[in-house]
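Shown next, in structure tokens, is the structure this report addresses.
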Amino acid sequence: MSVADIIVAVLLVLGCLVSLSCGVGLLRFPDFYTRLHPAGKTDTLGQILILGALIVAAGLSQPQVSLKLALIALFLLITTPTSTHALTRAAHVDRRQPWKVGDPE
Amino acid sequence: MTLQLVIDISLLALVVVTAVAVVRLRNLFAATIVLGIYSLLMAVTWVNMNAMDVAFTEAAVGAGISSILLIAALLHTGSKEKSAADTPRARVNWEALLTVLLTGAALIYGTLDMHGVGDPQAPVQTGVAKHYVDNGYDETHSPNMVTSVLASYRGFDTMFETAVIFTAGLGMILLLRKPDTATLPGPANAERFGLDPPNSDTHQSSRTTRAKAPPPLGADPQPMSEQVVLRRVSTLLMPFIVVFGIYVITHGEIGAGGGFQGGVIVASAFILYALVFGLPKAQAHVPRSLSDALGAIGVLIYAGVGVVCMLRGHEFLGYNALGSDAPHAQALGMTLVELGVGVTVAAVMITIFSEIAEEA
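So the sequences go chain by chain: A and B.
If you're matching positions, the first sequence starts at 42 in this note's numbering and goes up one per residue.
If you're matching positions, the second sequence starts at 66 in this note's numbering and goes up one per residue.
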């Protein structure tokens, strides 16, 4: 097992764990705003980690694939937080009240 | 059991779950989003079956633009489906249930005679498909067999698919388009539309109410076009989306993609712009007259290629007429035809979105 393989495996496992925590967070958090927290942040990180693993796996032997994956990662890095921002804002404009401690979940 | 089969089974199980969820959900916004998830799952299933072009179309059209168009349509209806409690007591419709059960049973019985997936003895493998697989590359020089079948061998089918999309755009214009607000109110135009010439007072008041009406997409005190993040990101992405769309249109011959997917991507750039900056500003860049004309021009490009082939002494859409060297002539013909498809699809998607998103 080469060094690259180990890096790929570590990144993939980390990415899957982060994505899993995103799913758990979506189910466990009480309201819209708190759910956006896992949906926005962990989702971005999970995707970046998995794409990073794929970039390492493609490596320098397939530069065109690595470059495309890097562009996709950059695209996601810009668009996912933006969509989270737009969603939060839309909920705020819709006068959705944030959850407070003691409210029913 | 191979890993691929396990993935397929779990994906298809999720597809069934989402399909049932779409039917059961009463909130139509949620149903639309779940429908998008359904399309995305189907796209992943197609990828698992190595059908990249189909997956691309499903992702771009099914998960992408259909969701946007459905949500835009929901602006005009309510977001809640009428619940069963509001309707007179729902009874089981036995005739319908029996029909559904019988049809389903007949269909399942029919599949028993079908060959397994990838069976070399299946009629689909032994018929004309063998010719495409064996000779497709030599005859068209297109490494993507899907495109050579779609645009060359079955070019006639695809032309009428393009015509169907054009017809859809035409239907939207005829059904939903209101007389042009820019030219309507003037007394000079009143006779053209068969209206009484409005006197200046009512004209003035109608204009002020129009100005006071909230923008169609959100009553945000700060409009989206003034929010720094949305404005910057959307303007940053716009050129890349358009370039990618054109790349997909022209590259369909070599890799996955083609006019349908690329056209949708180009149209999505317009839709993004319209969502952030408002429809009027987007239409200042792509006026209705332009998108209307382009919808027809795309079909004309497609049919025109066919007519040029005829004028050069070959059959309709016989691309070999376009050059002395057969594979290159085929490539040229397919690229031109895909361009026609892309232009029509992009223009018609813009038209459909504009007509639906128009303020009610």
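Note that CB positions come from ideal geometry on N, CA and C, so glycine has one too.
Predicted model only: the values in this text are computed from it and were never measured.
Per DSSP, what are the beta-bridge partners of residue i in this structure?
i      : result
K195/B : None; K195/B has no bridge partner.
N92/B  : K145/B
Taking C-beta to C-beta, are residue i and residue j nearer than 8 Å?
i      : j      : result
G327/B : V307/B : no
A339/B : T205/B : no
A422/B : A137/B : yes
G405/B : G363/B : yes
L134/B : I415/B : no
E318/B : E403/B : yes
L139/B : T97/B  : yes
T67/B  : F231/B : no
V99/B  : L90/B  : yes
Y103/B : V80/B  : yes
M179/B : A368/B : no
E420/B : L241/B : yes
L387/B : C374/B : yes
I believe residue i touches residue j by the beta-carbon criterion, under 8 Å. Please report the beta-carbon distance rounded to the nearest angstrom.
i      : j      : result
V49/A  : A114/A : No, V49/A and A114/A are not in contact; Cβ-Cβ is about 15 Å, not under 8 Å.
G407/B : G320/B : Rounded, the Cβ-Cβ distance is 15 Å, inconsistent with contact.
V182/B : Y197/B : Not confirmed; about 19 Å, so no contact.
G127/B : M107/B : 7 Å
D46/A  : C63/A  : Contact doesn't hold; Cβ gap of about 26 Å is too wide.
G378/B : G234/B : Between G234/B and G378/B the Cβ distance is about 34 Å, and since that is not below 8 Å, they are no contact.
L90/A  : R76/A  : That pair is no contact at about 21 Å.
G201/B : M210/B : 5 Å
I238/B : D357/B : 7 Å
Figure out for me which residue from the options has the closest Cα to the Cα of residue i.
i      : options                        : result
F73/A  : P104/A, P145/A, P139/A, T120/A : P139/A
G101/B : T110/B, N209/B, E123/B         : E123/B
G143/A : P71/A, I47/A, L61/A            : P71/A
G310/B : A116/B, A411/B, G143/B         : A411/B
T121/A : S299/B, V112/B, M237/B         : S299/B
V134/A : M289/B, K243/B, V229/B, L376/B : M289/B
V59/A  : Q88/A, R69/A, S43/A            : Q88/A
A394/B : T416/B, D73/B, G371/B, T110/B  : G371/B
L105/B : F221/B, C374/B, E226/B, A84/B  : A84/B
L118/A : S102/A, T75/A, S62/A, L92/A    : L92/A
F116/A : P304/B, M210/B, T142/B         : P304/B
L52/A  : L112/A, A94/A, R136/A          : A94/A
V294/B : R136/A, R130/A, K141/A         : R130/A
H316/B : V373/B, I74/B, P208/B, V341/B  : P208/B
I96/A  : S107/A, Q103/A, L86/A, L61/A   : S107/A
D203/B : A78/B, D390/B, I74/B           : D390/B
N113/B : K195/B, G169/B, V71/B, Y103/B  : V71/B
A216/B : D199/B, L401/B, E420/B, L162/B : L401/B
Q292/B : F342/B, V88/B, G322/B, N200/B  : F342/B
K243/B : R353/B, S75/B, V82/B, A125/B   : R353/B
V88/B  : H141/B, N115/B, K145/B, A125/B : K145/B
S43/A  : R137/A, L86/A, L55/A, G100/A   : G100/A
M117/B : L355/B, T212/B, I336/B         : T212/B
S132/B : R156/B, A95/B, A228/B          : A95/B
F121/B : K147/B, G322/B, T164/B, T176/B : G322/B
L86/A  : R137/A, L61/A, S102/A, A132/A  : L61/A
N115/B : A194/B, A187/B, Q69/B, T191/B  : Q69/B
Three or more C-beta pairs below 8 Å linking the stretch 111-130 of chain A and the stretch 78-85 of chain A: Touching, per the Cβ criterion.
Touching by the beta-carbon criterion (3+ pairs, under 8 Å), the stretch 380-392 of chain B and the stretch 329-345 of chain B: No, they do not touch.
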